[in-house]
Amino acid sequence: MTLVQPAFLAVATLCLLMSLAACVAVLCEPGLRFKPVWVPFCFVGMGGGALVWEAPDQIYWFFGIAWPTVSFSMVEGGWRPELIRFLFPIGAAAAVLRLYWHRRHGAPAADDPRATS
85 MTLVQPAFLA
95 VATLCLLMSL
105 AACVAVLCEP
115 GLRFKPVWVP
125 FCFVGMGGGA
135 LVWEAPDQIY
145 WFFGIAWPTV
155 SFSMVEGGWR
165 PELIRFLFPI
175 GAAAAVLRLY
185 WHRRHGAPAA
195 DDPRATS
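Residue numbers (the working numbering): 85 to 201.
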């Protein structure tokens, strides 16, 4: 195993964890509209890399939009990965920005003088 393989797995794990964290944050946010849309959108990725496990010296960079942010394919008849792909979690970043906007410009509190009855 070369140094490229663990580094690639670490980046893929980081992308997946960022998507999961954004998904949990969306689910736990009270009053956020369109939660059923934002939850799967957290796992949309754009651009990324692919690694063929048997040829770790070659990383293929590509541009595209796909769901989920991390995926792999296995060799036939085994559990060993053949191809590992990660995408940068642009959907998770958009969801975090939406949460920020919701918290900053959300509905006024009940004791706020701008609140109407």
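For each residue, glycine too, the CB sits at the ideal point set by N, CA and C.
Assuming contact is defined by CB atoms lying nearer than 8 Å, are L116 and H189 in contact in what I supplied? Position 32 of the sequence shown, counted from the start, is the residue given in the question as residue 116. Position 105 of the sequence shown, counted from the start, is the residue given in the question as residue 189. The answer is no: Cβ separation not under 8 Å.
Counterpart residues of R169 in DSSP-defined beta bridges: As a first step, residue 169 is located in the sequence shown; it is residue number 85 there, counting from the start. Bridge partners of R169: A134, S155.
Helix, strand or coil for F147? Go by DSSP, reduced to three states. Mapped onto the sequence shown, residue 147 falls at position 63. Strand, per DSSP.
Please confirm if the region 120-139 is in contact with the region 163-171, defined as three or more CB-CB distances below 8 Å between the two stretches. yes
Paired residues, beta bridge with G129 - DSSP: Position 45 of the sequence shown, counting from 1, holds the residue named residue 129. G129 is bridged to A150.
Integer Cβ distance of G125 from A179, believed to fall under 8 Å: Numbered from 1 along the sequence shown, position 41 holds the residue referred to as residue 125. Numbered from 1 along the sequence shown, position 95 holds the residue referred to as residue 179. The residue asked about is misnamed: residue 125 is Phe in this sequence, not Gly. Correct: roughly 6 Å between the Cβ atoms.
From V159 to L183, what does the alpha carbon distance come to, in whole angstroms? Stepping through the sequence shown from its first residue, residue 159 is reached at position 75. Stepping through the sequence shown from its first residue, residue 183 is reached at position 99. Those two C-alpha atoms are separated by around 40 Å.
Taking C-alpha atoms, which residue in A139, G129, P114 lies nearest to F146? The residue labelled residue 146 in the question sits at position 62 within the sequence shown. Out of A139, G129, P114, G129 has the C-alpha closest to the C-alpha of F146.
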